[in-house]
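Data block below; observations after.
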Amino acid sequence: MTTVLAVLQDFTDVSSISGSQLTEEEALQLADELSTQLGEGEIPQSDAESLERMVAGLGDARGALRLTFAKSLGAVGEKAIPILCKALRSHQNVIVRRASAKTLNLIGHKEALPFLLEAFLEDSDPVVLGSSAGAMATIGPDAMDSLLGILKNPDCTPFQVGLINLALSFIGVKAPEALLEAADSDVAEVRVAAISALGDQIQKSDDPRAQIRVFKALDDISPEVRAEAVTLIGKSCDAEDVEHMLCKKLIDEDNQVRKNTAMALMKLEAYNSVESIEIAKSAETDESVQAVFNVAINILSRDS
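The opening position of the sequence shown corresponds to residue 24 in this note's numbering, with each subsequent residue numbered one higher.
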């Protein structure tokens with residue numbers, strides 16, 4: 024099979040696409056031609072020059088035209104991946120880079136994974152990062168190791184962590200075993216992401232292993248993992264099933280875990296937990312935690 028890296032060489036012989044663009048008239052004419060082809064069920068031409076013109080059209084200011092070019096490149100499929108990857112990584116126009124990532128999302132092929140990963144790590148535009156993460160999520164389980172590997176990087180930003188968590192949630196439905204394995208990682212950041220992603224499995228599947236693994240995370244050595252587990256339980260479980268175990272975390276050694284526990288009980292409308300929160304509050308020395316306890320007590324007492 025010809026790789027993306029090999030095919031990329033074909034496009035450097037046509038012309039550099041780093042600054043390619045169409046005039047308004049050229050873009051409109053090309054979009055009309057492509058719309059007609061798509062409407063008749065035809066696949067647009069996939070020669071290098073045709074692909075380059077479609078990619079250049081991704082930079083048009085008119086959203087409807089950009090969508091036409093993206094759909095056309097998506098219809099071309101795998102043959103469009105090399106030039107889209109090149110545009111994603113080297114085009115001067117950020118709109119083209121954004122649209123290239125979104126179009127690779129439409130195609131969803133693992134050949135684009137290395138380039139999406141580079142864009143996610145190196146591009147300065149948050150939309151490019153988000154679209155690249157979305158495309159990796161569409162690729163599915165093949166992208167999971169790459170996404171988890173980013174979390175091990177100490178330079179990974181909170182914004183990137185959030186995008187990875189969303190991507191893993193999407194992938195986890197397709198790869199439950201891999202997600203459960205990640206939840207046992209030696210790296211706390213990976214465990215946090217895996218636990219967070221298990222929420223969709225708890226809500227959308229009848230696999231009890233996901234819920235059991237989240238319950239286990241309540242006693243994780245990492246306070247970040249415990250805090251995430253508490254929050255997830257508050258979103259995805261029934262109060263009568265988890266109220267007792269959550270109340271034990273009201274006296275966790277970590278401030279954030281205690282706060283998250285009170286908020287989780289509040290979200291679950293766990294009215295029977297008011298007494299436990301009051302007892303925890305009486306021994307609480309941190310004012311910020313006391314404030315959260317007060318809110319939980321007031322709301323649960325009022326609503327009950």
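All C-beta atoms in this analysis are idealised placements derived from N, C-alpha and C, irrespective of residue type, glycine included.
query	result
Pair within 9 Å by beta-carbon distance, alanine 98 and leucine 45	no
Separation of glutamine 115 from isoleucine 244, as counted between CA atoms	46 Å
Segment contact flag, the segment 175-189 with the segment 233-244, C-beta cutoff 8 Å, min 3 pairs	no
Cβ-based neighbour list, alanine 262, same chain, cut-off 7 Å, excluding 5 preceding and 5 following	Leu291, Glu292 and Ala293
Reduced DSSP category for glycine 86 - H, G, I as helix; E, B as strand; rest coil	helix
Simplified DSSP assignment, three categories, for isoleucine 274	helix
Of the listed residues Val315, Pro137 and Phe193, nearest to glycine 157 (C-alpha basis)	Phe193
Glycine 195 - DSSP class collapsed to helix/strand/coil	helix
Length at least 4, wholly inside the segment 61-110: the alpha helix (DSSP H) runs in chain order	71-80 and 86-99
Straight-line Cα distance separating leucine 57 from glutamine 32	Here glutamine 32 scores only 46 on pLDDT, less than 50, and its place in the model is too uncertain to base an answer on.
Nearest candidate by alpha-carbon position, reference serine 311, set Asn278, Arg121, Ile300 and Ser305	Asn278
The alpha helix (DSSP H) enclosing glutamine 234, as first and last residue numbers	231-239
Coil, strand or helix - serine 43 by DSSP	coil
Residues near serine 324 by beta carbon distance below 6 Å, same chain, minus five either side	Val297
Beta-carbon proximity list for aspartate 36, same chain, < 6 Å, skipping 5 on both sides	Residue placement at aspartate 36 is poorly supported in this model, since its pLDDT is 41, which falls under 50; the coordinates are not used for a value here.
For glycine 222, three-class secondary structure by DSSP	helix
Isoleucine 194 Cβ short of 8 Å to the ligand MG heavy atom set	The ligand content of the structure shown is nil, which means the ligand MG is not present either.
Where leucine 291 sits in the DSSP three-state scheme	coil
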